[in-house]
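Residue numbers (the working numbering), protein chains in the order written: chain A, 1 to 214; chain B, 1001 to 1214.
We treat Cβ as the ideally placed atom computed from N, Cα and C, and that holds for glycine.
These figures come from a predicted structure and were not determined experimentally.
Number of protein chains: 2
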Amino acid sequence: MTAIVSVFVASPDGGRGLARDMAVRWALREAGVAHDVRPLAFADLKMPAHRARQPFGQIPTLDSDGLTLFESGAIVLHIAERHGLLPADAAGRAQAISWMFAAVATLEPVIVEREVALLLEGDQPWTPARLPLIEARLRQRLDDLATALAGRDWLAGGFSGADIMMVSALRRPAAQRLLGDWPTLAAYVARGEARQAFVAAFADQHARWQAARG
Amino acid sequence: MTAIVSVFVASPDGGRGLARDMAVRWALREAGVAHDVRPLAFADLKMPAHRARQPFGQIPTLDSDGLTLFESGAIVLHIAERHGLLPADAAGRAQAISWMFAAVATLEPVIVEREVALLLEGDQPWTPARLPLIEARLRQRLDDLATALAGRDWLAGGFSGADIMMVSALRRPAAQRLLGDWPTLAAYVARGEARQAFVAAFADQHARWQAARG
Chain A
1 MTAIVSVFVA SPDGGRGLAR DMAVRWALRE AGVAHDVRPL AFADLKMPAH
51 RARQPFGQIP TLDSDGLTLF ESGAIVLHIA ERHGLLPADA AGRAQAISWM
101 FAAVATLEPV IVEREVALLL EGDQPWTPAR LPLIEARLRQ RLDDLATALA
151 GRDWLAGGFS GADIMMVSAL RRPAAQRLLG DWPTLAAYVA RGEARQAFVA
201 AFADQHARWQ AARG
Chain B
1001 MTAIVSVFVA SPDGGRGLAR DMAVRWALRE AGVAHDVRPL AFADLKMPAH
1051 RARQPFGQIP TLDSDGLTLF ESGAIVLHIA ERHGLLPADA AGRAQAISWM
1101 FAAVATLEPV IVEREVALLL EGDQPWTPAR LPLIEARLRQ RLDDLATALA
1151 GRDWLAGGFS GADIMMVSAL RRPAAQRLLG DWPTLAAYVA RGEARQAFVA
1201 AFADQHARWQ AARG
């Protein structure tokens, strides 16, 4: 059965692959799982049909093999478990899953905090004074991540679902524009983006964005 | 083999069970897994011995059966998978894991955002003007969660690891003090806190806090 990913009809990211379906598309391409999309307009996100799949009215969701999942981390873990995107040994698997949670619970929130300050609160009078505080918190996490990645290509043995989630977090512009200060992290993101499955997934979402644009 | 959880020597929460080891202690008590703690002073968190287990210098970690895990979500998932704290059917399991990620990636960050505003930025001149913006974001998520929980005791079938993570997020004072507006959520947290395993885990961490206090 073809897996179905819910995505935006027209992502507000300008086709840059920054919406959260990108990690799921990437994982499905790595796994070689045939999939299609359910394009949702913003108004659809509030509708009962979507809320039954996603209680917070977000994308993505995954319908696959009679199961419904939400949260990109949960979906990528689901795909990773079934398609060899986790280390085969128990110790490596435990590390990879730890890193998946670290990506969404420890890294991404401080990245989104900077994003909110720059975008949602960009014109508020307090933003210039707050940004250095936010950046200090984010830079501490990036420092720690760069230390952990020193001398390694991927977070947990070979490439895994952990790297899909972590690279996806670091690709958010609020983080990526700082990565010049951490060559280890810039190279890590570049390694992720160079993977054939990433390139294919990026093209998939870009084609959809362009089609919606008309 | 006894599982080992890294915890603060003396939690800064005044024994209220708000540090992130509490979710892990609760899960271990639900699972009936014998465990001990590795108490760490703040200075220990920066040391290589701890960084090798936890790249960001946080607590908790879990050492169990030769594996090392970090991130409370990953640890609770690990315990839940092995000890019947996930639904037995594939559809329920997928939902429970989706909810575990939602707790740490969708609910907790907006709760922590309010916490940071009240605590870390409490004396900043912008905080009174920012708080309503933050609370609007948090209240939207709480509304959605209350809708999802309407008529249900737990998030995914019976009690599961998802409830451990979600109740733990909602117990943070920055969320719990708002729950009077959502009787569904207040009752949900109270149901979690009334469980025998929660009570035992709470007593465990409280005894440690009191011993450190001297």
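Boundaries of the alpha helix (DSSP H) in which residue i is found, first to last residue
i: F1202 (chain B); result: Q1196 to R1213
i: P1132 (chain B); result: T1127 to L1149
i: I59 (chain A); result: No alpha helix (DSSP H) contains I59 (chain A), which DSSP labels as neither H nor E.
i: S1006 (chain B); result: S1006 (chain B) -> not in any alpha helix (DSSP H); beta strand (DSSP E) instead, spanning A1003 to F1008.
i: T1184 (chain B); result: P1183 to E1193
i: L1069 (chain B); result: Premise fails: L1069 (chain B) lies in the beta strand (DSSP E), L1067 to F1070, not in any alpha helix (DSSP H).
i: G1092 (chain B); result: A1090 to A1102
i: A1117 (chain B); result: E1108 to L1118
i: A175 (chain A); result: P173 to Q176
i: R51 (chain A); result: P48 to R51
Exposure label - residue i; buried when at least 16 CB within 10 Å
i: R53 (chain A); result: buried
i: D89 (chain A); result: exposed
i: Q1205 (chain B); result: buried
i: D144 (chain A); result: buried
i: L62 (chain A); result: buried
i: D123 (chain A); result: exposed
i: T1106 (chain B); result: buried
i: A1207 (chain B); result: exposed
i: R82 (chain A); result: exposed
i: G1151 (chain B); result: exposed
i: P12 (chain A); result: exposed
i: G1017 (chain B); result: buried
i: P1132 (chain B); result: exposed
i: A23 (chain A); result: buried
Whole-Å CB distance - residue i paired with residue j, under 8 Å assumed
i: A1162 (chain B); j: A1156 (chain B); result: 5 Å
i: Q210 (chain A); j: G73 (chain A); result: Going by Cβ atoms, the distance from Q210 (chain A) to G73 (chain A) rounds to 28 Å, so no, they are not a contact pair.
i: L1040 (chain B); j: S1006 (chain B); result: 6 Å
i: A1174 (chain B); j: L1118 (chain B); result: 6 Å
i: V104 (chain A); j: M165 (chain A); result: 6 Å
i: L1149 (chain B); j: L1120 (chain B); result: No, L1149 (chain B) and L1120 (chain B) are not in contact; Cβ-Cβ is about 30 Å, not under 8 Å.
i: A102 (chain A); j: E1193 (chain B); result: With 8 Å as the limit, A102 (chain A) and E1193 (chain B) do not qualify as a contact, their Cβ atoms being about 27 Å apart.
i: A10 (chain A); j: R213 (chain A); result: 7 Å
i: V110 (chain A); j: R141 (chain A); result: 5 Å
i: R172 (chain A); j: V189 (chain A); result: Actually they do not touch by this definition, with Cβ atoms about 11 Å apart.
Min CB distance residue i to chain A below 8 Å
i: D1036 (chain B); result: no
i: G1122 (chain B); result: no
i: L1185 (chain B); result: no
i: V1112 (chain B); result: yes
i: P1055 (chain B); result: yes
i: D1144 (chain B); result: yes
i: G1032 (chain B); result: no
i: T1106 (chain B); result: yes
i: T1002 (chain B); result: no
i: R1139 (chain B); result: no
i: R1082 (chain B); result: no
i: L1069 (chain B); result: yes
i: G1192 (chain B); result: no
i: A1175 (chain B); result: no
Where the beta strand (DSSP E) through residue i begins and ends
i: D21 (chain A); result: No beta strand (DSSP E) contains D21 (chain A), which is instead part of the alpha helix (DSSP H) from D21 to A31.
i: V167 (chain A); result: From DSSP, V167 (chain A) is part of no beta strand (DSSP E) but of the alpha helix (DSSP H) over G161 to L170.
i: V1037 (chain B); result: H1035 to L1040
Nearest neighbour of residue i, chosen from the options [CA to CA]
i: R137 (chain A); options: A:A203, A:I75 and A:E108; result: A:E108
i: H1065 (chain B); options: B:H1078, B:F1056 and B:W1099; result: One detail in the question is off: residue 1065 (chain B) reads as Asp in this sequence, not His. Nearest of B:H1078, B:F1056 and B:W1099 to D1065 (chain B), Cα basis: B:H1078.
i: D1181 (chain B); options: B:V1033, B:R1029 and B:A1146; result: B:A1146
i: A43 (chain A); options: A:V33, A:F8, A:L28 and A:T68; result: A:F8
i: P183 (chain A); options: A:E135, A:D153 and A:H35; result: A:D153
i: K46 (chain A); options: A:Q58, A:A3, A:L18 and A:D36; result: A:Q58
i: G1158 (chain B); options: B:F1070, B:D1036, B:L1142 and B:A1096; result: B:A1096
i: R1038 (chain B); options: B:A1129, B:E1030 and B:A1049; result: B:A1049
i: R177 (chain A); options: A:A129, A:L120, A:S160 and A:R114; result: A:R114
i: A1091 (chain B); options: A:R82, A:M100 and A:L69; result: A:L69
i: W1099 (chain B); options: A:H83, A:A190 and A:I75; result: A:I75
i: R139 (chain A); options: B:A1003, B:P1132 and B:F1056; result: B:F1056
i: A203 (chain A); options: A:R51, A:A3, A:L185 and A:D21; result: A:D21
i: V33 (chain A); options: A:R213, A:A200, A:A212 and A:A129; result: A:A200
i: A94 (chain A); options: B:V1110, B:A1094, B:G1084 and B:L1067; result: B:L1067
i: S160 (chain A); options: A:W26, A:A10, A:I4 and A:G17; result: A:W26
i: A3 (chain A); options: A:E30, A:H35 and A:A10; result: A:H35
i: A19 (chain A); options: A:R51, A:A31 and A:P60; result: A:P60
i: A84 (chain A); options: A:A190, A:R171, A:E30 and A:R172; result: Here residue 84 (chain A) is Gly; the residue named in the question, Ala, does not match the sequence. Checked all of A:A190, A:R171, A:E30 and A:R172; the closest Cα to G84 (chain A) is A:E30.
Min CB distance residue i to chain B below 8 Å
i: S98 (chain A); result: yes
i: A115 (chain A); result: According to the sequence shown, residue 115 (chain A) is Glu rather than Ala. False, the Cβ-Cβ gap to chain B never drops below 8 Å.
i: T221 (chain A); result: Because chain A in this structure spans residues 1 to 214, residue 221 (chain A) falls outside the shown range and cannot be described.
i: W182 (chain A); result: no
i: W126 (chain A); result: yes
i: A90 (chain A); result: yes
i: H78 (chain A); result: yes
Of the residues that make up the segment 1147 to 1172 of chain B, which ones have a beta carbon closer than 8 Å to any beta carbon in chain C? In summary, chain C is missing from the structure at hand, where the protein chains are A and B.
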